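Beneath this line is the structure, given in structure tokens, with notes to follow.
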Amino acid sequence: VISIEQKTTNKNPRSTVGTVTEIYDFLRLLFARVGEAYSYNTGKKMVKWSEEEIVENIFSKYKNQKIALLAPLVRGRKGHYRELFEDVRKKGYLKVRVDGEVKDLVPKMQVDRYKIHDIELVIDRLQVTADLKSRLSQSVQQTLKLGKDLMFLLVNDKQLVQYSKQLMCEDTGISYEEPSPNSFSFNSPYGACPVCKGLGTMFHINMELVIPDPSLSINDGGIAPLGEERDAWVFRQVQELAKKNKISLSTPVKSLNNKSLNILLYGNEEGVETELDFENMKFDPSGPFEGIVNMLKRWFNNGYSEGLRDWAEGYMQIKPCEGCNGARLKKESLWFKIVGRNISELSGMNLDNLAAWFDGIELRISDKQKTIARDVLKEIRERLQFLLNVGLTYLTINRPTKTLSGGESQRIRLATQIGSQLQGITYILDEPSIGLHQRDNHRLIEALKNLRDIGNSVLVVEHDKEIMLSADHLIDIGPRAGFHGGKIVAEGNPKQMLKLETLTASYLNGHHRIAVPKERRTGNGKFIELKGTKGNNLQNVDVKFPLGKFIVVSGVSGSGKSTLINETLYPILSKHAYGSRMAPLEYKSIKGLEHIDKVIEIDQSPIGRTPRSNPATYCGFFTDVRTLFASIPEAKIRGYNAGRFSFNVKSGRCDVCEGGGMRVIEMNFLPDVYVHCEKCNGKRYNRETLEIRYKGKSIADILDMTVEEAVEFFQNVPYLYRKIKVLDEVGLGYITLGQSAVTLSGGEAQRVKLSTELSKRDTGKTFYILDEPTTGLHFQDIQHLLDVLNKLVDRGNTVLVIEHNMDVIKVADHIIDLGPEGGDGGGKILFEGTPEELIENKVSYTAEFLKPELS
Numbered sequence: 013v014i015s016i017e018q019k020t021t022n023k024n025p026r027s028t029v030g031t032v033t034e035i036y037d038f039l040r041l042l043f044a045r046v047g048e049a050y051s052y053n054t055g056k057k058m059v060k061w062s063e064e065e066i067v068e069n070i071f072s073k074y075k076n077q078k079i080a081l082l083a084p085l086v087r088g089r090k091g092h093y094r095e096l097f098e099d100v101r102k103k104g105y106l107k108v109r110v111d112g113e114v115k116d117l118v119p120k121m122q123v124d125r126y127k128i129h130d131i132e133l134v135i136d137r138l139q140v141t142a143d144l145k146s147r148l149s150q151s152v153q154q155t156l157k158l159g160k161d162l163m164f165l166l167v168n169d170k171q172l173v174q175y176s177k178q179l180m181c182e183d184t185g186i187s188y189e190e191p192s193p194n195s196f197s198f199n200s201p202y203g204a205c206p207v208c209k210g211l212g213t214m215f216h217i218n219m220e221l222v223i224p225d226p227s228l229s230i231n232d233g234g235i236a237p238l239g240e241e242r243d244a245w246v247f248r249q250v251q252e253l254a255k256k257n258k259i260s261l262s263t264p265v266k267s268l269n270n271k272s273l274n275i276l277l278y279g280n281e282e283g284v285e286t287e288l289d290f291e292n293m294k295f296d297p298s299g300p301f302e303g304i305v306n307m308l309k310r311w312f313n314n315g316y317s318e319g320l321r322d323w324a325e326g327y328m329q330i331k332p333c334e335g336c337n338g339a340r341l342k343k344e345s346l347w348f349k350i351v352g353r354n355i356s357e358l359s360g361m362n363l364d365n366l367a368a369w370f371d372g373i374e375l376r377i378s379d380k381q382k383t384i385a386r387d388v389l390k391e392i393r394e395r396l397q398f399l400l401n402v403g404l405t406y407l408t409i410n411r412p413t414k415t416l417s418g419g420e421s422q423r424i425r426l427a428t429q430i431g432s433q434l435q436g437i438t439y440i441l442d443e444p445s446i447g448l449h450q451r452d453n454h455r456l457i458e459a460l461k462n463l464r465d466i467g468n469s470v471l472v473v474e475h476d477k478e479i480m481l482s483a484d485h486l487i488d489i490g491p492r493a494g495f496h497g498g499k500i501v502a503e504g505n506p507k508q509m510l511k512l513e514t515l516t517a518s519y520l521n522g523h524h525r526i527a528v529p530k531e532r533r534t535g536n537g538k539f540i541e542l543k544g545t546k547g548n549n550l551q552n553v554d555v556k557f558p559l560g561k562f563i564v565v566s567g568v569s570g571s572g573k574s575t576l577i578n579e580t581l582y583p584i585l586s587k588h589a590y591g592s593r594m595a596p597l598e599y600k601s602i603k604g605l606e607h608i609d610k611v612i613e614i615d616q617s618p619i620g621r622t623p624r625s626n627p628a629t630y631c632g633f634f635t636d637v638r639t640l641f642a643s644i645p646e647a648k649i650r651g652y653n654a655g656r657f658s659f660n661v662k663s664g665r666c667d668v669c670e671g672g673g674m675r676v677i678e679m680n681f682l683p684d685v686y687v688h689c690e691k692c693n694g695k696r697y698n699r700e701t702l703e704i705r706y707k708g709k710s711i712a713d714i715l716d717m718t719v720e721e722a723v724e725f726f727q728n729v730p731y732l733y734r735k736i737k738v739l740d741e742v743g744l745g746y747i748t749l750g751q752s753a754v755t756l757s758g759g760e761a762q763r764v765k766l767s768t769e770l771s772k773r774d775t776g777k778t779f780y781i782l783d784e785p786t787t788g789l790h791f792q793d794i795q796h797l798l799d800v801l802n803k804l805v806d807r808g809n810t811v812l813v814i815e816h817n818m819d820v821i822k823v824a825d826h827i828i829d830l831g832p833e834g835g836d837g838g839g840k841i842l843f844e845g846t847p848e849e850l851i852e853n854k855v856s857y858t859a860e861f862l863k864p865e866l867s
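Okay, so the sequence shown: first residue is 13 according to this note's numbering, each after it adds one.
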């Protein structure tokens, strides 16, 4: 049994699509075996000679001419080299060539130690004639040995010719080592860029974060890293420095002259005298002032503490490495090419373009290269085809795996399994269609059927209608969620299922449908207009977001949706609303920010990562529950306050599990196992705390209530009822108030977050962003979700959703469709408007699949 989850588990920045699929490993092998080297100085093809070829070349080009064979000993270095001259003289050699002049080797010979020198040893001097061929061959061998595979030929005491057994540029003399697969590995010192160590990126100070508002003075926070503590050591240094250099700290930063600003940012050599009191001890950090920018770099690089490093990182942004421009490899490795392309250029191609490049490559390489590369090309083509078959045409093999969505990561592992051609395996997949446009669904279905057809069983947990109807056998679990479910309500082939009356069947056969709204909202007439977006594959895109509407951003996978919204729009809105330091991708301008006062991104990440986190604590109403218990007369008599009813406070919690309710059993090489605490039996609290009861229920009983039960129980406590009721309204009536956050699905966690937002009072000027909120949701759950989102919009807010699900797209007020393809073939706005207008678009794939939904 092989279970393929939808989680992105690899956070290693060195892990890429190419490394996990082994495509990059085969590419490295290909370049090491058939790559052709070119000079990074001249761009000309590098040459290398064997000893026999050197001898034959000398005889063919310099017959009957006088030559001297020179072995290079020193190239471009300072020193007197007295010991070197003495050593070669004792070995019997008579002459050396020093800085272009041939000299006799004499005792105590030396050169000027402070000048740069080139020194070659004269191995032999002869005239090129047929009777001296044997002597020439021996001399060439000796010269190459002493010159470490490099030799010079001095012809008629004028012309200097280079020969090398290594790859060498004939014009400039630079040479490369013989390539191996490690020469093209960014994880090996033999191939990695020496500047970024193979990461391809570096942290750089972002001056817009250091000086967020140049109209402010330094005293008013014009240089953000100085903070607000005026007694801090750094600020005291700045004050002393300003006094010494006559820099005004009350003048706006933009009005300071360049010299003054440079001293503050980059320091100077002058000493700064400051004296600080630290716990009644005098501390004198006097000395040169390094500057705010250099201070940030030092704190980031030297790692005094993780907190300090994280703080310094907040003023930085990641940029491509200046040494390799993001290619990850050293300069020499990037000048090995196959049909004009280096390994980095191939790694940056979309998979469909890369597959096309490899098609027919045999027609563009030599017969010798064809023979060497045959098996490697077969492996590369097969792996590329498997990835294309699961709809990942838009990815590149240099894409870091930590940036992949759960669905993409799962489909890559699926493609790897297809490539392994194993038989007799039961594959278990959790929603492989996540993040996949309807256009690419058929490819995924075919891939799953291929796994089945070679002798495997494929078990898929899925909510996608097309995949369900393509299955051989359907198992429907229900009838509802949580404790209302857990039963097999129906099973059979799709034809049999369509005749049944289960909730799932009613959506599959069309008896139940998510309704298309009779009217689309007109919004409030205001817009946010974003111009000139160029991040990743976006092609100088201009787009308008109408406010007061339900907006859907659609398009095929890889078309640029996340780049536009999550990596460009959201950081801009977040900086406007909260002063966030998150750096957006490149854009030209934005208008209309004054029309919103909050931006909230609601994703499917967990609401907590430990068993202690739960919906009651996340939504904030557990504090009210604890206050309610503390107001009970018995609690007052015992002197219990609200803290007594917190499972994180020592006085009230169980002393064995410390309020966790569970004990962790470490399983060494297996995941940890959680079991109920043997003392409190999972109730979290000690006996005395559990004796306090409200309407016959202890605090532990409240946490064990479902949301549905809690709504009824607290209906006469308005401030609690309102908050818990919202959880019920978003379709989470079945979860318990104290349910561990780690047991909630992504969709459930997202709806908990939504309910928290719904329970807040808003100004009607909030901009909500959700990325594929239907992930993991049944048709009925999608209806619940849409009801909630529509409530937010009805209050005057704007809700923007990135989505592939046609049930969501069809109910939008406004659609922004990107494409037409993924990767380099995308990045354009194909359409902006209503669903009814979109279906008339002839270029959009979304329009093609939306049309039947509106008919």
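For glycine and all other residues, C-beta sits at the position ideal for the given N, C-alpha and C. None of the values given here were measured: they were computed from a predicted structure.
Remark: C-beta atoms of residue 443 and residue 750 do not approach each other more closely than 8 Å. Judged by pairs of C-beta atoms under 8 Å, the region 359-376 does not touch the region 73-80, as fewer than three such pairs exist. In the DSSP assignment, residue 688 forms a beta bridge with 674. Under the three-state reduction of DSSP output, residue 495 falls in the helix class. For residue 627 against residue 747, the beta-carbon gap comes to about 6 Å, under 8 Å, which counts as contact. Note on the region 63-145: whole beta strand (DSSP E) runs with a minimum of 3 residues are 78-90, 107-110, 113-116, 128-139, in chain order. Annotated three-state conformation of residue 49 is strand, per DSSP. Residue 312 carries a helical assignment under DSSP once its states are collapsed to helix, strand and coil. When DSSP states are grouped into helix, strand and coil, residue 425 belongs to the helix group. Beyond the five residues adjoining it in sequence on each side, residue 652 comes within less than 7 Å, by CB distance, of 642, 704 in the same chain, given in chain order.
Taking every protein chain shown into account, the CB of residue 495 has fewer than 16 other CB atoms within 10 angstroms, so this residue is exposed.
Per DSSP, reduced to three states, the secondary structure at residue 341 is strand. With contacts defined by Cβ atoms closer than 8 Å, residue 838 and residue 856 do not form a contacting pair. With a contact defined as Cβ atoms closer than 8 Å, residue 764 and residue 798 miss out at about 17 Å. Straight through space, the alpha carbons of residue 264 and residue 225 are spaced by roughly 9 Å. Listed in chain order, the non-local C-beta contacts of residue 669 below 8 Å within the same chain comprise 675, 689, 691, 692, 696, local neighbours out to five positions each way being set aside. The criterion of a C-beta distance shorter than 8 Å is satisfied by residue 610 and residue 778. For residue 138, the number of other beta carbons within 10 angstroms of its own is below 16, and it is reported as exposed. Under the criterion of beta carbons closer than 8 Å, residue 130 and residue 87 qualify as touching, at roughly 6 Å. The beta carbons of residue 361 and residue 408 sit closer together than 8 Å.
Looking from the CA of residue 365, the closest CA among 346, 396, 481, 99 belongs to 396. Within the region 142-174, the runs of alpha helix (DSSP H) that reach at least 4 residues and sit entirely inside it are, in chain order, 145-158. The beta-bridge partner set that DSSP reports for residue 841 consists of 830.
Bounds of the beta strand (DSSP E) holding residue 332 are 328-332. The alpha-carbon separation between residue 666 and residue 644 amounts to approximately 21 Å.
Under the 10 Å beta carbon count, residue 433 is surrounded by fewer than 16 other beta carbons and is classified as exposed. Judged by beta-carbon spacing, residue 70 lies within the 8 Å limit of residue 148, meaning their Cβ atoms are closer than that value. In this structure, residue 528 sits away from residue 828, with a CB-CB distance that is not shorter than 8 Å. The shortest C-alpha to C-alpha distance from residue 547 to any of 571, 564, 557 is the one to 571.
Taking every protein chain shown into account, the CB of residue 727 has fewer than 16 other CB atoms within 10 angstroms, so this residue is exposed.
Counting only residues of its own chain and dropping the five nearest sequence neighbours on each side, residue 278 has a CB closer than 7 Å to the CB of 303, 305, 306. Around the beta carbon of residue 843, a 10 Å sphere encloses 16 or more other beta carbons of the protein chains shown; the residue is thus reported as buried. Look at the region 470-520 and you find these whole runs of beta strand (DSSP E), each 3 residues long or longer: 486-490, 499-504. For residue 229, the three-state secondary structure derived from DSSP is strand. 719 is the residue among 742, 744, 743, 719 whose C-alpha sits nearest the C-alpha of residue 733. Residue 40 sits close to residue 196, with the two beta carbons spaced by under 8 Å.
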